[in-house]
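K.L.:
Protein sequences, first through last, are from chains W and A. For the first sequence, counting from 1, position 109 maps to 109 in the working numbering; every step adds exactly one. For the second sequence, counting from 1, position 120 maps to 120 in the working numbering; every step adds exactly one. Note that CB positions come from ideal geometry on N, CA and C, so glycine has one too. Can you read through this structure? Questions will come right after.
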Amino acid sequence: MAEFTVTFLPDNGSVTVASGTLLAEAAREAGLRLQSPCGGQGRCGKCRLQAPTGVDSPTPVEMRILSPAQLNDGWRLACQTRVVGDALVTVPESSLVVEHRIMVEGAERELLVEPNVRKLSLRLPAPSLEDPRADLNRVLEALGDDALPPARLEPLQHLPGLLRRSDYQVTAVLADSRLVAVEAGDTTEETYGLAVDVGTTTVVAYLCHLPTGAVVAVASDLNSQAQYGGDVISRIQAATSDPEDLRGLNRAIIAVINDLVARASHETGVSPQAIYEIAIVGNTCMSHLLLGVSPAGLGTVPFVSSFRSPQTVRAASLGIDVNPEGSIYVAPNIGSFVGADTVGVILAGELDRSDNLRIAVDIGTNGEIVVAKEGELYACSTAAGPAFEGAKISCGMRASVGAIDAVRIDDEVDCHVIGDVRPRGLCGSGLVDAIAELVRVGAVAETGRMLTRGEASALPEKVRERLVENEHGMEFALARADEAYADEPLTLTARDVRETQLAKAAIYGGMELMLHQVGAEPGDVAQLLLAGAFGNYIRRESALAIGLIPSVAAERIVSIGNAAGVGARLMLCSLSERRRAQEIARSTVHVELSRREGFYDRFADAMMLRSLPFER
Amino acid sequence: MAVLEELQQAIISGNRDKAKEFTRKALDEGLEARTIVVQGIAAAMEVVGEKFRANEFFVPELLIAQRAMKASLSMMSGAPVDYIGTVVIGTVKGDLHDIGKNLVAAMLEGAGFKVVDLKVDVSPAQFVAAANENSANLVAMSALLTTTMGSMRDTVAALSDAGLRDKVKVIVGGAPVTQSYADEIKADGYAPDAASAVEKAKQLLPA
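Following this line, the structure appears as structure tokens:
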């Protein structure tokens with residue numbers, strides 16, 4: 001059997017193949033990845049290359065895709081062309097598969113971008129007497145055997161005009177292998193997705209350029225469902241007692257998401273119509289309210305959710321203002337009070353692939369804790385409260401410009417403010433720092449009581465004079481009127497300290513119980529990941545000092561920011577991450593803390609603002 | 001007595017070890033358990049309640065004082081004590097929240113009540129049975145979910161049906177509970193926090 005040499009330019013790779021071998025096969029042997037969306041059927045034209053010599057004559061299949069001028073110039077489809085002699089083949093870049101690998105910040109790993117929604121640019125042959133195929137067939141056949149026709153009428157209604165206006169150069173949009181839209185020209189670069197973390201207190205959206213997975217805009221806002229109550233239980237009760245309130249809660253979160261879409265769009269100039277995919281994580285109650293499903297079962301014993309598996313819905317049916325054909329993926333939940341956002345944290349930290357003992361704690365409203373031990377996952381919710389997200393703290397705010405996010409006290413109080421402007425409030429990391437420092441210098445007792453000026457005589461004068469008493473009790477001025485933004489002092493009140501104690505005791509108590517669950521101690525923990533509401537990078541030394549977390553060695557503690565949001569981005573960009581999420585949701589054991597003996601006692605102990613000895 | 005004052009201080013400041021130490025010392029000095037309970041423990045918890053109302057103490061201080069109190073009581077278990085009354089307490093059916101209820105139970109115990117804690121998810125029938133068995137003066141109910149509050153009404157009715165309503169007073173509390181709800185279900189009292197719960201409970205005792 002005769003053998004020939006095929007040389008590929010511009011890389012100059014050469015292979016020797018038997019006569020009759022397809023160029024596509026020769027390319028594979030040479031290590032070149034040619035695009036092949038239609039699976040080698042000769043329908044999409046994506047594997048085109050120039051092979052003027054050493055190959056057979058153009059086939060009728062190719063003549064449907066390539067023009068006479070192109071054929072004349074030696075253009076062929078690799079999947080249809082056979083080698084019949086030594087050949088010199090030029091491969092244009094546009095025919096090669098571009099694999100986007102990105103580093104998702106917070107996930108510490110490379111990701112192959114393979115979203116659910118794909119866009120394929122098609123250069124279709126115009127209809128002719130020889131090729132009188134119907135418009136829709138023309139498009140579907142170019143896409144390959146497994147492309148499904150649209151399920152809705154709109155894409156079909158738009159098709160005829162679109163094809164003719166754009167000279168049969170269009171971009172097909174496929175979701176789950178189904179054609180959902182056709183756009184004029186080549187719009188493959190203009191594909192965007194949104195990753196959303198719906199928190200009980202804060203909602204964050206990341207607008208991502210889908211072919212590359214790169215984040216082009218981030219927008220966050222308070223969850224306006226708070227008008228129905230600051231915590232999950234209140235919102236469940238509101239939704240349960242009045243169907244009108246369920247609708248209101250649903251409309252509220254949809255409105256927040258739409259607002260974030262509008263802001264991201266405005267900031268980047270990306271049209272919402274180019275957003276075809278959204279991945280959403282949130283706790284179980286948030287998932288229900290987002291989809292307008294009653295969370296009634298979550299309200300009383302035995303606390304049962306209405307769904308747990310991931311849900312995929314069309315954007316238009318939820319009222320989200322992106323492309324109406326956009327696909328919205330709502331990630332799976334683990335249990336009644338541990339949801340998709342925790343799945344996101346596990347994905348981001350790769351806790352499902354731990355050989356040793358690793359813990360992740362989400363220092364947010366629900367205070368979820370995940371323990372991974374030798375491949376087994378356990379998760380619980382501590383219902384910590386929104387103190388660490390700025391709510392319920394008198395001058396609390398989200399971690400954005402104007403928020404004090406770090407505090408040091410020696411002879412004076414030194415606050416770092418996000419954006420280096422005058423402080424307007426205190427965010428979670430600032431709160432933890434402030435309390436740690438106040439306890440360290442002795443302005444606040446370990447029991448949480450703020451000292452009066454009279455009792456605090458040992459403090460440096462400038463610090464002491466910040467202790468002020470008013471009709472509600474004691475407060476400490478982190479920023480005096482002349483230092484703060486609004487000409488009013490920014491104070492941490494005695495009540496704020498109490499709120500923080502309650503929140504951190506819940507988290508600490510939960511972490512201790514979870515360690516008991518797997519029969520471990522803080523010294524056994526290989527890594528402790530501190531995840532938090534968007535923007536919160538809680539200082540581990542302060543967290544340890546106030547007893548927010550058990551005494552794990554400081555060098556084993558890592559602040560990973562908004563891990564739930566990272567998880568959402570991973571699920572947005574990759575179908576295999578979604579499969580992994582499903583497996584995580586299915587296999588993680590949900591631990592119900594309130595049923596545990598001893599939680600109450602440890603919760604009480606854990607209120608103390610100091611690092612606590614671990615109790616077996 | 002100096003040792004009782006020291007015991008008070010130990011309980012108020014939540015020092016478990018010192019509470020045990022001074023209880024031991026008081027017993028060794030020949031003081032009776034009932035004296036220690038009234039003048040040491042109950043007096044201390046009274047101060048704790050006042051400081052709570054004055055916003056000086058909060059839940060953490062209450063909790064640590066309560067544990068110091070329990071430590072002290074544990075040294076005297078078995079000794080005869082004059083209780084000022086008997087309370088049956090629990091979180092209503094369908095509800096598992098117990099932290100607030102536990103605080104109230106502790107404060108009541110500190111004030112000298114005998115406390116029968118039925119824990120959580122307690123049905124009207126269980127409240128009635130316990131009130132009967134223990135000849136209780138008071139039934140105290142807690143609920144954190146509006147969806148479970150209705151069980152309080154049912155328990156009041158169940159007490160009536162069992163013919164206990166004139167002997168047993170009912171007090172209620174919990175985040176969604178209000179004075180007007182308590183009036184609506186014909187409870188005898190409502191308290192917004194653990195410290196005022198003790199006051200109310202004392203007021204409702206037979207004269």
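1. Does the Cβ of Ser67/W have 16 or more other Cβ atoms within 10 Å, making it buried, or fewer, making it exposed?
2. Leaving out five residues on either side along the sequence, give the residues of the same chain with a beta carbon under 8 Å from the beta carbon of Met474/W.
3. Quick one: Cα of Leu96/A to Cα of Val120/A, how far?
4. In chain order, which alpha helix (DSSP H) runs of at least 4 residues are fully inside the stretch 190-269 of chain W?
5. When you compare only the Cα positions, how much space is there between Val441/W and Asn470/W?
6. In angstroms, rounded to a whole number, what distance separates the CA positions of His416/W and Ser317/W?
7. Taking buried to mean at least 16 other C-beta atoms within 10 Å of its own C-beta, is Glu109/A buried or exposed?
8. Tell me the rounded alpha-carbon separation between Arg165/W and His158/W.
9. Determine, using beta carbons only, whether Gln501/W comes closer than 8 Å to chain A.
10. Mind listing, in chain order, the continuous beta strand (DSSP E) runs of no fewer than 3 residues lying wholly within the stretch 145-174 of chain A?
11. Where does His416/W sit, in a helix, a strand or coil, going by DSSP?
12. Under DSSP, the alpha helix (DSSP H) around Ser587/W begins and ends at which residues?
13. Looking at the secondary structure, which residues open and close the beta strand (DSSP E) in which Phe476/W lies?
14. Count the C-beta pairs between the stretch 126-138 of chain A and the stretch 156-169 of chain A that are closer than 8 Å, then say yes if the count reaches three, no if not.
15. May I have the straight-line CA-CA distance separating Ala279/W from Val196/W, to the nearest angstrom?
16. For the stretch 321-329 of chain W and the stretch 296-312 of chain W, state whether three or more C-beta atom pairs, one from each stretch, are separated by less than 8 Å.
17. Hey, out of Arg480/W, Met608/W, Val343/W and Ile393/W, whose CA is closest to Ala568/W's CA?
18. Could you check whether Ser142/A and Gly189/A sit closer than 8 Å to each other, using their CB atoms as the reference points?
19. Under three-state DSSP, which class holds Glu3/W?
20. Which residues, in chain order, does the stretch 219-246 of chain W contribute to contact with chain A at a C-beta distance below 8 Å?
21. For Ala406/W, collect the residues of the same chain with a Cβ closer than 6 Å to its Cβ; drop the 5 residues on either side in sequence, then sort them by chain order.
22. Between Ile418/W and Val177/A, what straight-line distance do the alpha-carbon atoms span, to the nearest angstrom?
23. If you draw a straight line from the C-alpha of Val301/W to the C-alpha of Val122/A, how long is it?
24. Starting from the beta carbon of Ile12/A, find every residue of chain W whose beta carbon is closer than 9 Å, and list them in chain order.
25. Can you name the residues of chain W whose CB is closer than 7 Å to the CB of Phe58/A?
26. For the stretch 164-194 of chain A, which residues have a beta carbon sitting closer than 7 Å to at least one beta carbon of chain W?
27. In the DSSP assignment, what are the bridge partners of Arg178/W?
28. So the candidates are Asn134/A, Ile12/A and Lys200/A; which of them puts its Cα closest to the Cα of Val57/A?
29. Curious, which full-length alpha helix (DSSP H) runs of at least 4 residues does the stretch 46-82 of chain A contain?
30. Our contact map puts Met607/W next to Ala505/W with C-beta atoms below 8 Å; I'd like the distance itself, whole angstroms only.
31. Output the distance between the C-alpha atoms of Ala239/W and Ala391/W, rounded to the nearest integer angstrom.
32. Given a cut-off of 8 Å, decide if Gly509/W and Arg602/W are closer than it, judged by their beta-carbon atoms.
33. Between Phe476/W and chain A, is there a C-beta pair that is closer than 8 Å?
34. Alpha carbon to alpha carbon, how far is Asn366/W from Ser381/W?
35. Rounded to whole angstroms, what is the Cα-Cα separation between Leu530/W and Gly565/W?
36. Contact between the stretch 200-213 of chain W and the stretch 259-267 of chain W is defined here as three or more beta-carbon pairs at a separation below 8 Å; is this criterion met?
P.N.:
From the atom records:
1. exposed
2. Met450, Leu451, Thr452, Leu467, Val468, Thr493 and Ala494
3. 5 Å
4. 232-241 and 243-268
5. 22 Å
6. 45 Å
7. buried
8. 11 Å
9. yes
10. 169-173
11. strand
12. Leu575 to Ser587
13. Gly473 to Ala479
14. yes
15. 6 Å
16. yes
17. Val343/W
18. no
19. strand
20. Ile233, Gln237, Thr240 and Ser241
21. His416 and Asp433
22. 41 Å
23. 12 Å
24. Residues of chain W passing the Cβ test: none, with the nearest at roughly 11 Å.
25. Gly448 and Arg498
26. none
27. Leu148/W and Ala175/W
28. In the sequence as displayed, the identity of residue 57/A is Phe instead of Val. Of the candidates Asn134/A, Ile12/A and Lys200/A, the one whose C-alpha sits nearest the C-alpha of Phe57/A is Ile12/A.
29. 59-74
30. 4 Å
31. 22 Å
32. yes
33. no
34. 6 Å
35. 14 Å
36. yes
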